[in-house]
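Read the structure below first, then the notes.
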Amino acid sequence: MSEDAVTEKDVRHVASLARVALADDEVDRFTTQFEEILDAFETLEEVPSVDRSAELTNVLRPDEKRDSLSPEEALENAPETEEGRFKGPNVS
């Protein structure tokens, strides 16, 4: 485990930022899980880098210009629209 262990205070802070209420047993469980996740990242940092000489190339099809839906056609099956746009639920 890393020297900068995850504390209950850290978990409660993250939960607060996410606006999630956690019970004490959940804080304990998430503290352990966060430590395990950070340990996994530390392990990944130990993997040696590999020299590569080949440049990356686009292996996908080339872009092609095609006709698309009109705004009216695109909104045709939308459950709810507003001023010619898709309308979704309010977020906070």
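Position in the sequence shown (first residue = 1) + 373 = this note's numbering. C-beta: ideal position from N, C-alpha, C; glycine also.
Supposed contact pair residue j and residue i - C-beta distance, whole angstroms, cut 8 Å
i	j	result
A378	E419	That pair is no contact at about 19 Å.
V400	E381	5 Å
V384	T404	5 Å
Residue i (DSSP reduced to helix, strand or coil)
i	result
R458	strand
A384	The amino acid at residue 384 is misidentified as Ala; the sequence shows Val. In the structure shown, V384 sits in a helix (DSSP, three-state: H, G or I).
Where the alpha helix (DSSP H) containing residue i begins and where it ends
i	result
R392	No alpha helix (DSSP H) holds R392; DSSP gives it neither H nor E.
Alpha carbon of residue i to alpha carbon of residue j, nearest angstrom
i	j	result
E437	N431	14 Å
A391	A451	30 Å
D412	Q406	10 Å
N463	D440	32 Å
D397	K460	38 Å
E446	E453	14 Å
S375	A388	The pLDDT assigned to S375 is 47, lower than 50, so where the model puts this residue is not dependable; a value taken from the coordinates is nonetheless given after this. Each residue's alpha carbon lies about 21 Å from the other.
R402	L395	10 Å
Distance cut-off 7 Å: residue i Cβ against heavy atoms of the ligand SAM
i	result
E437	Absent from the structure shown: the ligand SAM. Ligands present: none.
message: For a minimum of 3 consecutive residues, which ranges assigned as the beta strand (DSSP E) are wholly contained in the region 397-455?
response: none
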